[in-house]
């Protein structure tokens, strides 16, 4: 949502402008996309792409460049150590 006071682009649904604090609650938000009402189990999902902390960063980059993933989970054994995004 664009704040009518300072023109800052705010995240949809916030109550106040993150820049100037202007009250945004009286402004109508667009309706949420239909998938918002779905349960996560109903949304098709692919197995996450994972690399280990010992793997070179280039491996994760290659996965994303090839289109195998939009992000790559970095694992340390069975623990999530981080997420690499473009």
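Numbering (the numbering used here), first residue to last: 1104 to 1189.
Every residue gets a Cβ at the ideal spot worked out from N, C-alpha and C, and that includes glycine.
Given the structure is predicted, the values throughout are model-derived calculations rather than measurements.
Neighbourhood of residue i by C-beta distance below 6 Å, restricted to the same chain and skipping five residues each side
| i | result |
| --- | --- |
| residue 1163 | 1154, 1175, 1187 |
CA-to-CA distance, residue j to residue i, given in whole angstroms
| i | j | result |
| --- | --- | --- |
| residue 1158 | residue 1141 | 36 Å |
| residue 1112 | residue 1105 | 4 Å |
| residue 1151 | residue 1173 | 10 Å |
| residue 1132 | residue 1180 | 43 Å |
| residue 1121 | residue 1137 | 27 Å |
| residue 1149 | residue 1134 | 28 Å |
| residue 1123 | residue 1116 | 16 Å |
| residue 1165 | residue 1129 | 46 Å |
| residue 1127 | residue 1107 | 9 Å |
| residue 1118 | residue 1125 | 9 Å |
| residue 1160 | residue 1145 | 33 Å |
| residue 1168 | residue 1156 | 19 Å |
For residue i, the residue or residues it bridges with in DSSP
| i | result |
| --- | --- |
| residue 1129 | DSSP, once it has assigned bridges, lists no residue as partnering residue 1129. |
| residue 1185 | 1177 |
| residue 1114 | Answer is none; residue 1114 lacks a bridge partner. |
Nonlocal neighbours in the same chain, by C-beta distance under 8 Å from residue i, ignoring five residues either side
| i | result |
| --- | --- |
| residue 1110 | none |
Cβ-Cβ separation, residue j to residue i (assumed contact under 8 Å), whole Å
| i | j | result |
| --- | --- | --- |
| residue 1177 | residue 1185 | 4 Å |
Whole alpha helix (DSSP H) elements within the stretch 1116-1169, 4-residue minimum:
1160-1168
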